Amino acid sequence: MLSRFFSSDMAIDLGTANTLVYVKSRGIALNEPSVVAIDNRRGRPQVLAVGEEAKLMVGRTPGHIEAIRPLRDGVIADFNVAEEMIKHFIRKVHNRSTFARPEVIICVPSGSTAVERRAIEDAALQAGARKVGLIEEPMAAAIGAGLPVTEPTGSMVVDIGGGTTEVAVLSLGGIVYSRSVRVGGDKMDEAIIRYIRNTHNLLIGESSSERIKKSVGSASPPDDGEGSTMEIKGRDLMNGVPKELVISQRQIAESLAEPVGQIIEAVKTALEQTPPELAADIVDKG
């Protein structure tokens with residue numbers, strides 16, 4: 001009882017793009033990019049920066065420094081780096097004056113394998129957690145959105161993350177149907193980079209693509225004209241010099257057609273696989 005009283009229990013949304021940490025009685029204590037900067041000069045990799053500081057280094061590092069995203073498609077791709085990142089975030093928000101290590105709950109994609117889930121659990125334990133619990137992302141998202149997940153009525157969740165999109169139908173405290181497609185914000189960033197390269201012969205980086213997505217990104221083209229616009233900068237692939245151009249909301253909607261289409265197909269499949277009574281609930285309530 002005393003150990004629970006003096007601990008800072010927390011919940012972690014371990015995302016491909018960003019990691020959020022919620023601490024009991026404090027609320028969201030951390031929201032930073034899931035990026036780690038590694039120095040490879042001395043043979044053994046050393047962590048230089050984690051989170052926001054490391055994100056600023058993406059695309060700007062010298063040869064011996066590497067900015068790594070330890071999660072890909074919602075699961076751990078580099079266990080050692082992920083462990084260092086989780087350890088850093090837990091230590092950053094954990095109250096060191098407490099006597100007990102924290103109990104941690106971590107969100108995992110519904111489509112993750114047992115091996116992938118074990119890797120996430122092990123990383124948190126190695127990072128100093130006393131006990132680790134896992135909750136599927138669609139259920140966590142539904143609870144956070146205030147949906148009536150414990151009632152005998154159907155609710156649908158479409159949770160678009162950095163690496164994956166979770167589509168799920170929930171009822172009576174459980175997941176009736178779920179599907180995890182490895183399409184999310186990262187694939188949208190890649191689609192924007194590819195579109196601008198192919199149509200304008202302009203090369204832009206990940207950070208620029210993310211800014212474009214957030215500023216003028218749209219799942220569907222505007223009804224009239226080009227919509228809002230944004231000035232972007234990159235490298236001209238024809239002559240290698242810096243170049244500026246203006247990109248429109250209509251163009252970005254066109255570039256995002258493929259990843260958005262995959263998400264729509266996942267939603268259609270979920271509706272087709274949902275029992276009729278629950279499908280009727282979704283039509284009525286969403």
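Quick note: the sequence shown uses the numbering used here, first residue 1, plus one each step.
Ideal placement from N, C-alpha and C gives every residue a C-beta, glycine not left out.
Note that the coordinates shown come from a computational prediction; the quantities given were computed from them, not determined experimentally.
query                                                                                                                                                             : result
Can you tell me whether Q251 is buried or exposed? The criterion is at least 16 other CB atoms within 10 Å of its CB, across all chains shown.                    : buried
Hey, quick one: how far does the beta strand (DSSP E) through A29 stretch, first residue to last?                                                                 : G27 to P33
With contact counted as at least three CB pairs below 8 Å, one residue from each stretch, are the stretch 139 to 155 and the stretch 211 to 226 in contact?       : no
Is the distance from the Cβ of I247 to the Cβ of I106 below 8 Å?                                                                                                  : no
Here's the rule: buried if 16 or more other CB atoms are within 10 angstroms of the residue's CB, otherwise exposed. What is Q249?                                : buried
Are the Cβ atoms of G128 and G161 separated by less than 8 Å?                                                                                                     : no
Note down the Cα distance separating L20 from E254, rounded to an integer number of angstroms.                                                                    : 31 Å
Starting from the Cα of I232, find the closest Cα among G240, E190, V241 and R211 and give me that residue.                                                       : R211
Please report the straight-line C-alpha distance between R72 and T16, rounded to a whole angstrom.                                                                : 6 Å
Please list, in chain order, all residues of the same chain as I175 whose beta carbon is under 7 Å from its beta carbon, the five residues on each side excluded. : S110, E136, P138, M139 and A168
What are the residues that DSSP puts in a beta bridge with I263?                                                                                                  : Beta-bridge pairing links I263 to no other residue.
Output needed for S3: all residues of its chain with C-beta closer than 6 Å, excluding positions within five of it in sequence on either side, in chain order.    : Unreliable placement is indicated for S3, whose pLDDT of 46 sits below 50; the coordinate value is still reported in the next sentence. Excluding residues within five positions, the ones whose Cβ falls inside 6 Å are A100.
From L48 to R235, what distance separates their C-alpha atoms?                                                                                                    : 28 Å
Beta carbon of G74, beta carbon of G163: below 8 Å?                                                                                                               : yes
Taking the C-alpha atoms as reference points, what is the distance between V35 and M230?                                                                          : 27 Å
Is it the case that the Cβ atoms of A124 and I86 are separated by a distance below 8 Å?                                                                           : yes
What does the alpha-carbon distance come out to for the pair E66 and V58?                                                                                         : 8 Å
Within the continuous alpha helix (DSSP H) that includes S207, where are the two ends?                                                                            : E206 to V216
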